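K.L.:
Position 213 (the sequence shown) corresponds to 259 in our numbering; numbering is contiguous. The structure follows.
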Amino acid sequence: MFASVFANTAWIEMNENEMDGAADGRADDDVGILGILEPRATKTDTMTGELRNTVKAGDEVNFVVSVKNHGTNNVTEMNIEATIYLADGTVATDFAGNDLTWLDAVICDDAQSCPVQSLAAGAYLNGGSYSVRDASGAAIAWAAPLGAYTIAIELDVMSGDDDITNDEFTVDITVVNWYDIAIDLEWNPSVEQAEGAGPHDFTLTVSTDGSEEWSARSVVVDLMITGAALDTAVDGDGNDIKGTTTHETGTSQIVDVFFNESAPCDDPGPDNITGTADDGPCDARNGNGSRLVIDYQDSWTYSGTVTPDANANGGYQVEAALVNYTLYGAAAECQESGEVTIDNGPDGIEGTEDDIREIRTFMNICEVPVETDDNNSNNEDKITGFIGSYHNIGVSSLVIAQGYDSTGNGEATSMRGDQDEIDVGFSRLHAMVEHRGSSGTGPYDWEVTFVVTDVYDNNSVVATYTADECPAGVAPPYTHLDLGEGLTAQPAGYACSSHEFDSGTYKITATVAMVNPTNPDESSVDDSQTATVEARNHDPVISLSLTSEGDIVVGDIVSFDVSAFDAEDITGESLTYSWSRITTDSMSVDIGECSPSDDGAGGLTKGERTCAVPVDGSWATTLPVTVKVTDPHGGEASDKVDLKVWNRQVAEATAASDAVSISYDLTYMAVADFSITASDSAAIEGVLLGNSEEGADSVYVIDYAPVTNYGPGDVGSNALSITFPGSSTEDYSLWYQYPGQDWILLDGEAEQDGATNMKLEWVNLTSGTLNNGLLGIFNAAAGTGAVPANGVSNAIGVNMAGGLIAVQWTLENGGVDLLSGDKIQICSVTNANETCTSVDKDATQHLLTGTHGQVFDVTVSVINVNGANANVKTFTTTADAEVSPVPTTTFGSIANGSTAWTFTITTADAGNAVKLYVCWKDSTYEASQLTPDDLSCQPMDIADASVDITKPSVTSETVYHFSIFAEDSSGNVVALSDKTTQIRYGELDDPGAGTDTLDDDKSGTTGVPTWTWGVIIGIVVVAFGIGAFILSRGGEGGEGKEWDY
């Protein structure tokens, strides 16, 4: 597929939905995948519903990626892994069952093993286009079978990578079946050009190919034989074929031509005779006919002979082109819609007004005319010849070279031809020209004219270029020379011209002409080639990241970075960046500092790829920041980050006739303004504070309240300070009392604030706001200020059934040194929510309740009003509320002993169980609705292979129903699915021989001695005989009999 520079080599299309939206930071070590260049992602055209960029089944697919070193350090060791996944997410395999995954050691210090030894900071791997290799070192060439696949490319950077979020990229592709009709012309014997007087025989071959078997019907081909030097042209039967003749090709066959699946003509009806009125549905169009057919990978040939004019000097040509053909299948054109009766209605008669009818679509199979196949490149062919001295030059190929940056730098990475899709942006129109005249003619000076027209704009001319060389941009570089033979000429040359494509469908024509020729070109038929292409713009692929570290608070500067990649400009220099955000008023506003602005020359700047901007109160809480990246052709892509900004406000209040000032500096996650109120409260005398044994009197007591209370999750920091008249020679402390609770110390040491004032402060980074309550300034030291004397020496979580977790702890020195005010605090964090509970200092356990799999981070500490002992213990535990995985346990054989059943229990997989219960009941039950406590059960270890069940004592036949329950180490119990039954037939009580138990495979009754069975049987026989005699009285027959009883 990639045998020459003119092969159809796909360039790039990104799958926007696959790029990870995380950071593309500029760390010291950061290398990432910008996009997968080959294969192109398959997409659905939103207008037509057609699939774009499909892969033909059997075509070789290469994996080409664009990799850039974003970091500041060189990359010295890196592998690239390519993997193909099926639609269900499993790894695809080849025909031998091997996983389709490849590891390419691309960068290392060993030149024998790796093609690259180091990738410099800011550099692209292989210029931005690297073909992933297989184990042999060759580019991966995967022959794609029919199906849908995901291609994943992943980097493994052993030399260091601080950001792995951009190390993987995927594209989804669809591999489809394809069908091809090839037209081939050839001189017999085979020569490039026919020369001389002739006659010259030729053969036209029409053949079919594809990814699956199919047949082409009525393939119509136009044969055109023209030229000034031509005398005659005849086919193998002597028919004149000079000029244009039309031929229907193929071999005659009898084939089906129509089939209506809803009226198949295959039901003869109740009379079993076809053609009568009771036949089932039958479409008269069903049937077969004679058609000219070329079967799969078969061919049809046609021979002819051309004879040039012996006295002429000039050329001629034989051309053939596919006109159309017919396919037989269930095509959309075969569908028909019609009303059908689905219910005869109340009268039960079909065809009356009350019938219930609906429109249905019938999927018929029919013949459909088709004008093109899946490979247009071989739908026509041409051979030429000449006689005498023949002057001719022609265009042999026309391609569009792409893969450059936005300024046209670099080498082409793809060559596109007629009917291909191309990328918008910078391209080079590239033509190859040849000397096609007779030997010894020329040399000829020449030039090529390229004309670009817009197909959808009435073929209006978009651009015209003239060129006679191609010195750069397409290999091999070529400088102009004449066409012909000799030292100053070459048999072939190249011309190229650059063009910027917008989205649309374009026709490019390349026409070669001799410049100031001594002898003019004698054939114009090969002077031009055309290519019609569809230019599609690929939207940029972007990833927006927040590069600011830590919490962002109103007043800070926040920084963003966007990584943008565009298929038509891998450097991104032509992209424009527009930034916006949502404010606290739900308004979208531009971020002018980073968006396009007046460049001072009447235009606009392109905006900033990195954005740093100060934040104010309108940024508070979590709100989205969006960047929109636009390419020069109108393609755009957006990405956003939800930015969390902490609001910060300082609330102030006064008390004691403004003598006391309160300032509350709050960082919080809310938009509303924060304020506090303060008022004087009654003085307090002789209160015991903390662990002090002496009463203290208040200096000021303030009734305080915030306008709103915020929980710990919504508060970043609290800082409350109180300034009051006081002396530095006195001891002051600040205490807080929530209504009905003990006083809690906030600050035990005052600081001088000016000549006559003192200040007390409370700073807290973990709790919510200080709730409404009393703030007390006491003219007393804060006691010893001691935290509890004993800490926690160990703490664990013990799983219990139903998701309960018993938090258990031991205290240092047994907790003997703790005071009455000391408490045990258990804090648990789960699902980002923290809950703290305090229990008595003598407690040893606290229960947490969770759901199965819920994770708790637990901290156990000993606290009092002065804080916590430094020795705390933390652990992580997971709630266990179910037996998971459930064991695979079944009943086996049952041995029937004299007093017990021995059940064989088979456990193929113990799962999470440690114990089993074999349970039973003398009636049916649904085990999943019960527990072992509801039944009779015998426990057994999960490793045991059998269990003995004592047979219950019964006096009559009883069926026992058995089931199995499994229990895990936490005490959770689950009923298993397997069950069985056993029958007890009862006990036999013989007064003469004692009491015994019948075997369970025998039955018995009670109260009848064994010797009586013979007597009972005799009586029954006699009674039966008497009854038979009585019933037979009255003579023979049934009439006139008298019955005696």
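Using N, Cα and C, we set each Cβ at its ideal position, and we do this for glycine too. Computed from a prediction, not measured in an experiment: that's the story for all the values here.
For the region 236-263, list the beta strand (DSSP E) runs that are entirely contained and at least 3 residues long, ordered along the chain.
P.N.:
239-241 and 246-256
K.L.:
Among residues of its own chain, excluding the 5 on either side of N119, which ones have a beta-carbon nearer than 6 Å to its beta-carbon?
P.N.:
Numbered from 1 along the sequence shown, position 73 holds the residue referred to as residue 119. Excluding sequence neighbours, N119 sits near D74 and D75.
K.L.:
With DSSP run on the structure shown, which of helix, strand or coil describes T883?
P.N.:
Counting from 1 along the sequence shown, the entry for residue 883 is found at position 837. Three-state DSSP puts T883 in a strand.
K.L.:
Quick one: Cα of L533 to Cα of L527, how far?
P.N.:
On the sequence shown, residue 533 is found 487 positions in, with the first residue counted as 1. On the sequence shown, residue 527 is found 481 positions in, with the first residue counted as 1. Going by the C-alpha atoms only, they are around 10 Å apart.
K.L.:
Assuming D230 contacts T216 (C-beta within less than 8 Å), just tell me the rounded distance between them.
P.N.:
Counted from its first residue, the sequence shown places residue 230 at position 184. Counted from its first residue, the sequence shown places residue 216 at position 170. The pair is not a contact, with the Cβ atoms about 40 Å apart (cut-off 8 Å).
K.L.:
As an exercise, report each continuous beta strand (DSSP E) stretch of at least 3 residues that is fully enclosed by the region 66-108, in chain order.
P.N.:
Qualifying beta strand (DSSP E) stretches, in chain order: 77-84.
K.L.:
Considering only residues of the same chain and omitting the five flanking positions on each side of A194, which have a CB-CB separation below 6 Å?
P.N.:
Stepping through the sequence shown from its first residue, residue 194 is reached at position 148. A133 and T220, listed in sequence order.
K.L.:
Residues bridged to F770 by DSSP?
P.N.:
Stepping through the sequence shown from its first residue, residue 770 is reached at position 724. DSSP, once it has assigned bridges, lists M804 as partnering F770.
K.L.:
From T676 to E654, what distance separates their C-alpha atoms?
P.N.:
Within the sequence shown, numbered from 1, the residue matching residue 676 stands at position 630. Within the sequence shown, numbered from 1, the residue matching residue 654 stands at position 608. Computed Cα separation, rounded: 12 Å.
K.L.:
I need the straight-line Cα distance from T555 to R474, nearest angstrom please.
P.N.:
Here residue 555 corresponds to residue number 509 of the sequence shown, with the count starting at 1. Here residue 474 corresponds to residue number 428 of the sequence shown, with the count starting at 1. Cα-Cα distance, rounded: 13 Å.
K.L.:
What does DSSP give as the partner residue(s) for I940 in the beta ladder?
P.N.:
Stepping through the sequence shown from its first residue, residue 940 is reached at position 894. DSSP, once it has assigned bridges, lists F949 as partnering I940.
K.L.:
If you run the structure through DSSP and keep just helix, strand and coil, what is T139?
P.N.:
Here the question's residue 139 lines up with position 93 in the sequence shown. T139 falls in the strand class under three-state DSSP.
K.L.:
Answer yes or no: do V494 and V479 have a C-beta to C-beta separation smaller than 8 Å?
P.N.:
Position 448 of the sequence shown, counting from 1, holds the residue named residue 494. Position 433 of the sequence shown, counting from 1, holds the residue named residue 479. Cβ distance < 8 Å, so V494 and V479 count as in contact.
K.L.:
Touch check for the region 567-575 and the region 499-519: three-plus C-beta pairs under 8 Å?
P.N.:
no
K.L.:
Measuring straight from C-alpha to C-alpha, what distance separates E404 and E259?
P.N.:
Taking the sequence shown and counting its residues from 1, the one referred to as residue 404 is at position 358. Taking the sequence shown and counting its residues from 1, the one referred to as residue 259 is at position 213. Our two residues, E404 and E259, have alpha carbons roughly 37 Å apart in a direct line.
K.L.:
Sort out for me which residues DSSP pairs S473 with in a bridge.
P.N.:
Residue mapping note: residue 473 aligns to position 427 of the sequence shown, counting from 1. According to DSSP, which records beta bridges pairwise, S473 is partnered with H545.
K.L.:
If contact is defined by three or more beta carbon pairs under 8 Å, each pair taking one atom from either stretch, is the region 183-200 in contact with the region 109-128?
P.N.:
yes
K.L.:
Find out if the Cβ-Cβ distance for the pair L712, N764 is shorter than 8 Å.
P.N.:
For this step, residue 712 is matched to residue 666 along the sequence shown. For this step, residue 764 is matched to residue 718 along the sequence shown. Taking 8 Å as the cut-off, the Cβ atoms of L712 and N764 count as close.
K.L.:
Cα separation between S727 and G794?
P.N.:
Here residue 727 corresponds to residue number 681 of the sequence shown, with the count starting at 1. Here residue 794 corresponds to residue number 748 of the sequence shown, with the count starting at 1. Rounded to whole angstroms, S727 to G794 spans 21 Å at the Cα level.
K.L.:
Please return the same chain residues whose Cβ sits closer than 7 Å to the Cβ of D313, not counting the five positions on each side in sequence.
P.N.:
Start at 1 with the first residue of the sequence shown, and residue 313 comes out as number 267. Only D325 and G326 meet the Cβ criterion.
K.L.:
What does a CB cutoff of less than 6 Å around G333 pick up in its chain, not counting 5 residues either side in sequence?
P.N.:
Residue mapping note: residue 333 aligns to position 287 of the sequence shown, counting from 1. Correct list: empty, nothing qualifies.
K.L.:
Identify every residue that forms a DSSP beta bridge with E365.
P.N.:
Position 319 of the sequence shown, counted from the first residue, corresponds to residue 365. M270 and K428, per the DSSP bridge assignment.
K.L.:
Would you please state the rounded distance, in angstroms, between the beta carbons of V470 and H679? I believe it to be under 8 Å.
P.N.:
Reading the sequence shown from its first residue, position 424 is the one you call residue 470. Reading the sequence shown from its first residue, position 633 is the one you call residue 679. Confirmed, Cβ separation roughly 4 Å.
K.L.:
Note down, in chain order, each residue of its chain lying with its Cβ closer than 8 Å to the Cβ of T668, except the 5 sequence neighbours on either side.
P.N.:
Position 622 of the sequence shown, counted from the start, is the residue given in the question as residue 668. Within the same chain, D688, L689, K690, V691 and M715 come within 8 Å of T668 by CB-CB distance, once the 5 residues on both sides are set aside.
K.L.:
Report the rounded CA-to-CA distance for G913 versus L816, giving the unit in angstroms.
P.N.:
Counting from 1 along the sequence shown, the entry for residue 913 is found at position 867. Counting from 1 along the sequence shown, the entry for residue 816 is found at position 770. G913 and L816 have their alpha carbons spaced roughly 16 Å apart.
K.L.:
Keeping to the same chain, check which residues put their C-beta closer than 6 Å to that of M986; ignore five residues upstream and five downstream.
P.N.:
The sequence position of residue 986 within the sequence shown is 940, counting from 1. So the qualifying residues of the chain are L962 and V993.
K.L.:
Below 8 Å, how does it come out for the region 427-437 and the region 347-360: are there three or more Cβ pairs, yes or no?
P.N.:
yes
K.L.:
Using only the alpha-carbon positions, how far apart do G519 and A458 sit?
P.N.:
On the sequence shown, position 473 is the one that residue 519 refers to. On the sequence shown, position 412 is the one that residue 458 refers to. The straight-line gap from Cα to Cα measures roughly 6 Å.
K.L.:
Report the rounded CA-to-CA distance for I1029 versus I1010, giving the unit in angstroms.
P.N.:
In the sequence shown, counting from the first residue as 1, residue 1029 sits at position 983. In the sequence shown, counting from the first residue as 1, residue 1010 sits at position 964. Rounded to whole angstroms, I1029 to I1010 spans 18 Å at the Cα level.
K.L.:
Evaluate the contact criterion for the region 588-600 versus the region 631-645: three or more CB pairs, one atom per stretch, below 8 Å.
P.N.:
Under the three-pair Cβ rule at 8 Å, the region 588-600 does not count as touching the region 631-645.
K.L.:
Does D749 come out as helix, strand or coil in the three-state DSSP assignment?
P.N.:
Taking the sequence shown and counting its residues from 1, the one referred to as residue 749 is at position 703. Note: D749 maps to strand in three-state DSSP.
K.L.:
Cβ atoms of T953 and I988: under 8 Å apart, would you say?
P.N.:
In the sequence shown, counting from the first residue as 1, residue 988 sits at position 942. In the sequence shown, counting from the first residue as 1, residue 953 sits at position 907. Their beta carbons are under 8 Å apart, which means I988 touches T953 by this criterion.
K.L.:
Which residue from D400, G772, W781 and V137 puts its Cα closest to that of Q798?
P.N.:
By 1-based counting over the sequence shown, the position of residue 798 is 752. Among D400, G772, W781 and V137, the Cα nearest to that of Q798 is on G772.
K.L.:
Can we say the region 577-585 touches the region 545-555, given the rule of at least three CB pairs closer than 8 Å?
P.N.:
Touching, yes.
K.L.:
Measuring CA to CA, which of D788, S609 and D888 is closest to D863?
P.N.:
For the purposes of this step, residue 863 is taken as the residue at position 817 of the sequence shown. Among D788, S609 and D888, the Cα nearest to that of D863 is on D888.
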